[in-house]
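First residue of the sequence shown? That's 24 in our numbering, and the numbers climb one at a time after it. Note that the Cβ used here is the ideal one computed from N, Cα and C, for glycine as well. Some notes on the structure that comes next.
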Amino acid sequence: MCFIKGVSILGSTGSIGRQALDVLDGLPDFRIVGLAAGKNIKLLKEQIIRYRPLLVSVEKEDDALELARELAGKGTEILWGSEGLLAVAAHPAAGVVITAVTGTAGLLPTVEAISAGKDIALANKETLVAAGSLVTGLAAQKGVNILPVDSEHSAIWQCLRGSRPGEVESIILTASGGPFRKERDLERVTVSKALAHPNWSMGKKITVDSATLMNKGLEVIEARWLFGLDYDRIRVVVHPQSIIHSMVEFRDGSVLAQLGLPDMKLPIQYALTYPDRLPGNVPRLDPAKMSALTFEPPDIVRFPLLDLAYRVGRRGGTLPAAMNAANEAAVELFLAGRIRFTSIYRVVEEVVGRHDITDRPGLEEILEADRWAREKASVADTR
Ligand SMILES: NC(=O)c1ccc[n+]([C@@H]2O[C@H](COP(=O)([O-])OP(=O)(O)OC[C@H]3O[C@@H](n4cnc5c(N)ncnc54)[C@H](OP(=O)(O)O)[C@@H]3O)[C@@H](O)[C@H]2O)c1
């Protein structure tokens with residue numbers, strides 16, 4: 024590359040956001056233009072001082088005004104709330120936007136960034152779960168790229184490089200199986216155990232989703248929209264070591280896999296430098312130090328959210344948006360100690376079962392399904 028590319032990060036204080044900044048430290052051809060975060064003002068302030076973005080947004084007005092006072096004269100404009108988040112997403116100096124906020128909060132800024140012609144380095148899988156048809160359709164219309172950051176989808180994208188249409192038989196998403204793969208009594212698991220992922224260090228919501236296998240269900244739907252395959256050709260296999268990040272099976276039976284350490288820096292960097300592969304700050308895999316690589320089918324009886332996500336994805340319309348929002352609300356209830364781990368499934372299943380589906384939804388209908396599902400999840404039967 025020989026030109027400076029502007030990049031904005033939505034969710035710069037989170038797990039993906041921080042790792043994206045580490046990756047960008049090793050990529051001199053990028054300039055950080057915009058940062059958006061929620062409540063971690065201390066870390067955000069350090070990021071502003073270090074990277075000198077043109078525009079920053081935080082969740083609350085008070086925090087924005089305080090930051091603006093402290094950083095007056097440094098050349099960074101500070102905004103807040105949903106308008107601030109949208110402004111960072113659409114900043115004219117950014118060519119690519121890394122979407123790394125959690126949950127449906129990522130949907131509107133992603134739509135805004137695509138509408139403004141930005142490429143999207145997409146970590147926020149919930150956007151494609153809730154609004155896959157709308158978002159991929161808009162991206163095609165605007166001629167922008169949706170570059171996968173999720174490690175499984177990055178792996179598939181890398182394995183597909185150079186293949187021709189019609190050659191792919193299926194894609195095989197790998198799943199670590201989470202901390203409870205061998206747990207007998209799921210009714211009794213605690214929040215701290217659910218947050219202790221064996222391989223990955225991630226934000227709380229995705230860590231709980233990994234423990235319920237809902238994360239893999241969300242990824243199945245994400246894969247359907249990124250790669251345009253129907254659900255019968257998207258498979259899941261549990262691979263506890265998280266070294267093979269996913270695989271593609273071709274028509275002749277050949278299977279290609281992408282390997283790497285369980286570290287998000289590689290997929291983040293690949294999304295940013297694509298189609299180039301550049302050296303950077305990414306830890307290397309040493310095959311001689313690898314232990315056995317093992318595989319097993321997912322246990323959909325103990326982890327029924329994966330199967331539910333397949334059924335919901337197949338049905339489509341506003342149902343995936345409702346499922347996604349119900350799951351987000353149920354995970355929050357679990358993290359707050361208000362429901363059991365196993366009640367996450369009960370809440371999501373109940374909300375999905377009651378949802379009145381709208382087919383071919385527009386943005387308003389998706390947001391309404393999201394709002395409705397959150398409300399219903401908060402009063403669902405959690406026994
Ligand atoms: N972590 C991973 O390894 C990983 C891997 C694949 C995909 N993903 C996906 O990437 C996304 C982010 O995951 P994460 O693990 O990085 O989450 P995280 O650590 O919880 O970070 C979330 C980020 O979003 C910010 N945020 C939350 N609500 C916001 C709002 N309303 N306005 C502005 N900023 C807001 C948070 O700000 P504050 O902290 O300042 O409040 C934080 O910077 C998720 O969709 C996840 O599924 C993550």
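{"Asked": "Secondary structure of Ile389, DSSP reduced to three states", "Found": "helix"}
{"Asked": "Short Cβ contact (8 Å threshold) for Ile39 with Ala123", "Found": "yes"}
{"Asked": "Where Ile169 falls: helix, strand or coil (DSSP)", "Found": "strand"}
{"Asked": "Continuous alpha helix (DSSP H) stretch holding Asp86: start and end", "Found": "Glu84 to Glu93"}
{"Asked": "C-alpha distance - Thr381 paired with Tyr254, whole-angstrom precision", "Found": "20 Å"}
{"Asked": "Proximity to Pro115 [Cα-Cα], best of Arg54, Asn222 and Gln164", "Found": "Arg54"}
{"Asked": "Among Pro302, Leu358, Asn147 and Thr150, nearest to Ser410 - alpha-carbon criterion", "Found": "Residue 410 lies beyond the range of the chain shown here (24 to 406); nothing can be said about it."}
{"Asked": "Residues near Cys182 in its chain [Cβ-Cβ closer than 6 Å; skip 5 each side]", "Found": "Val271, Leu279 and Gln281"}
{"Asked": "Buried/exposed call for Ala95, threshold 16 Cβ in 10 Å", "Found": "exposed"}
{"Asked": "Which of helix, strand or coil DSSP assigns to Gly57", "Found": "strand"}
{"Asked": "Inside the segment 123-174 only - alpha helix (DSSP H) runs reaching at least 4 residues", "Found": "130-138 and 148-165"}
{"Asked": "Sequence-distant residues of the same chain with beta carbon closer than 6 Å to Leu356, five excluded per side", "Found": "Ile362"}
{"Asked": "Separation of Arg211 from Tyr368, as counted between CA atoms", "Found": "14 Å"}
{"Asked": "Any non-hydrogen atom of ligand 1 closer than 7 Å to Val212 Cβ", "Found": "no"}
{"Asked": "Minimum C-alpha distance to Ile389 - residue among Val370, Ala352 and Met346", "Found": "Met346"}
{"Asked": "Beta carbon of Ser31 nearer than 8 Å to that of Ala117", "Found": "yes"}
{"Asked": "6 Å Cβ shell around Ala392 - same chain, five flanking residues per side excluded", "Found": "Thr341, Ala344 and Ala345"}
{"Asked": "Burial state of Met287, where buried means 16 or more other Cβ atoms lie within 10 Å", "Found": "buried"}
{"Asked": "Given Gly385 as reference, the closest of Gly107, Glu89, Ser156 and Leu170 once Cα atoms are compared", "Found": "Ser156"}
{"Asked": "Residue from Leu328, His220 and Arg397 with nearest C-alpha to Ser265", "Found": "His220"}
{"Asked": "Beta-carbon proximity list for Val19, same chain, < 7 Å, skipping 5 on both sides", "Found": "Residue numbering for the chain in the displayed model covers 24 to 406; residue 19 lies beyond these limits and cannot be assessed."}
{"Asked": "Three-state secondary structure assigned by DSSP to Arg274", "Found": "coil"}
{"Asked": "Alpha carbon of Glu133 to alpha carbon of Thr99, nearest angstrom", "Found": "Note that residue 133 is Thr in the sequence shown here, rather than Glu. Approximately 22 Å between the Cα atoms of the pair."}
{"Asked": "Contact belief for Pro171 with Leu249 at Cβ below 8 Å, rounded distance in angstroms", "Found": "6 Å"}
{"Asked": "Where Lys205 falls: helix, strand or coil (DSSP)", "Found": "coil"}
{"Asked": "DSSP state of His268 mapped onto helix, strand, coil", "Found": "strand"}
{"Asked": "Whether Gly336 touches Lys228 by CB criterion (8 Å)", "Found": "no"}
{"Asked": "Cα-Cα separation between Asp330 and Gly240, rounded to whole angstroms", "Found": "7 Å"}
{"Asked": "Buried versus exposed call for Arg247 [16 or more other C-beta atoms within 10 Å across all chains shown]", "Found": "buried"}
{"Asked": "Leu44 beta carbon less than 8 Å from that of Gln70", "Found": "yes"}
{"Asked": "Classification of Thr317 by the beta-carbon crowding that lies within 10 angstroms, buried from 16 upward", "Found": "exposed"}
{"Asked": "Candidates Glu319, Gly283 and Ile291, of which the one nearest Met313 by Cα", "Found": "Gly283"}
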